[in-house]
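To convert, note that position 274 of the sequence shown is 348 in the numbering used here; the numbers rise steadily by one, no gaps.
Virtual Cβ for every residue (Gly too), placed ideally from N, Cα, C.
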Amino acid sequence: MQEIKCPNCGEVFQVDETGYAQIARQVRDKEFEKELDRREKESQVRREQEIQILRMQEENKYTAGISKKDAEIADKNRIIAELRAKLEASENEKKLAVSVAVEKKNEELTKKTEEIADLKGELKSKETESKLNEKNIKEQYENTLKLKDEQIAYYKDFKARQSTKMIGESLEQHCLTQFNQIRMTAFPKAYFEKDNDASSGSKGDFIYRECSDDGTEFISIMFEMKNEADATATKHKNEHFFKELDKDRREKGCEYAILVSLLEMDNELYNNGIVDVSYKYDKMYVIRPQFFIPMITLLRNAAQNSLQYQKELQIVRNQQIDILHFEENMNAFKDSFARNYRLASEKFATAIKEIDKTIEHLQKTKEALLSSENNLRIANNKADDLTIKKLTKNAPSVKAMFDEINKE
């Protein structure tokens, strides 16, 4: 028999071996359950700690990933802001450059318009002065015309003493002699020579040209001398030679055409002085031999008076050409700027697309992290629901070990 003392009342009991074994087994079972329960709680605590650590690690990774992506997005936003700022600055610079160029152009045009107006005013004044000078010259020539009858009589006598073959040649020689007598005093820089170029099929008699000190030609005249004997059966008229003379003038590049004629001696139209026939042919005159030198002088003085205005008008034309070149340069600048602007816009659009792709990639990363968190939550729930029975469901040997321990 075995004695067992009660720990509360101190009473001693006697139990047989079977009862003692049962009591001992009950004590062992309770202690085992306590120990198993303690170990299970400790295991659960460890699992929870490990899960918490894993969760914190995943959260840290997620937070680090988000922070990195936020930094990348902030950097992309900064780049976008810089590109936009550069684009706006470029646009403002373009507008400013165009505005300045247009304003400068308008100022130059206004200035040129004023200069042209001033030149026109001066030209009008000079034209008035030229008309007065022309009037004075005409008055001087009127005095000379008083001697026309005597001079006509002289030329009639002159023709009568010449043979038919010599008449035309004598008039040319007469005019050449008149010119050479005053060439060095009145026309020292003039060119006055026979027209020997018949490559076009015809030629005039004389060509007069004169240039300024800088080499600018300011007057040129094609001369034709016509005469015939009084006894000639078929009489020519001055107008019979106008067309050919105009053709020679144009082919030789002369400004004026002058017919020095002794034809139609009884025609008062030609006997009264200088006859302007420009109503038929541009810048053409018919004169008698006595007006040969005065006519050259008249046209030469008028051309010299207008020479300065011709130079000034040429300067204005050159300035207009400069303005045209400026416009061409401006258009070239606008085209080049537009091309660069288009290329910058294309680069900007490409950058925006790349940023959109990055944002899309970050969104997918975020979704993956959220999915990972959900999987962790499911794993935690499964750990919370873990028991020895479930752990040994498909492990008979482990289950047998636990059963053996429970028996002991």
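List the whole-angstrom C-beta distance separating Lys268 from Phe253, where the pair is believed to meet the contact cut-off of C-beta under 8 Å. The pair is not a contact, with the Cβ atoms about 12 Å apart (cut-off 8 Å).
Provide the residue span of the beta strand (DSSP E) that contains Lys321, from first to last. No beta strand (DSSP E) holds Lys321; the alpha helix (DSSP H) holding it covers 316 to 325.
Beta carbon of Asn312 nearer than 7 Å to that of Val360: yes
Rounded to whole angstroms, what is the Cα-Cα separation between Ala191 and Glu201? 15 Å
If you measure between the beta carbons of Arg323 and Met299, is that distance less than 7 Å? no
Helix, strand or coil: which one does DSSP assign to Ala272? coil
Which first and last residues belong to the alpha helix (DSSP H) in which Glu338 is found? It is not in any alpha helix (DSSP H) - Glu338 carries neither H nor E in the DSSP assignment.
Only counting the same chain, and skipping five residues up and downstream in sequence, which positions put a Cβ closer than 7 Å to that of Ser237? At Ser237 the pLDDT is 39, less than 50, meaning the model places this residue with poor confidence; the figure from the coordinates comes in the next sentence. Closer than 7 Å at the Cβ level, and outside the excluded window around Ser237, lies no residue.
For Glu302, which of Gly347, Leu245, Asn270, Asn375 has the nearest alpha-carbon? Leu245
For Leu436, which residues from the same chain have a beta carbon less than 6 Å from its beta carbon, with the 5 sequence-adjacent residues on both sides left out? Lys143
Separation of Ser117 from Glu109, as counted between CA atoms: 12 Å
So what does Glu284 bridge to, in DSSP terms? Ile293
May I ask you to verify whether the segment 272 to 286 touches the segment 344 to 354, counting CB pairs closer than 8 Å and requiring at least 3? no
Give the list of continuous beta strand (DSSP E) stretches no shorter than 3 residues that lie fully inside the segment 340 to 373. 358 to 361
Specify the secondary structure class of Phe266 as computed by DSSP and reduced to three states. strand
Euclidean distance between Cα positions of Cys285 and Glu167: 51 Å
Taking C-beta to C-beta, are Lys150 and Ile429 nearer than 7 Å? yes
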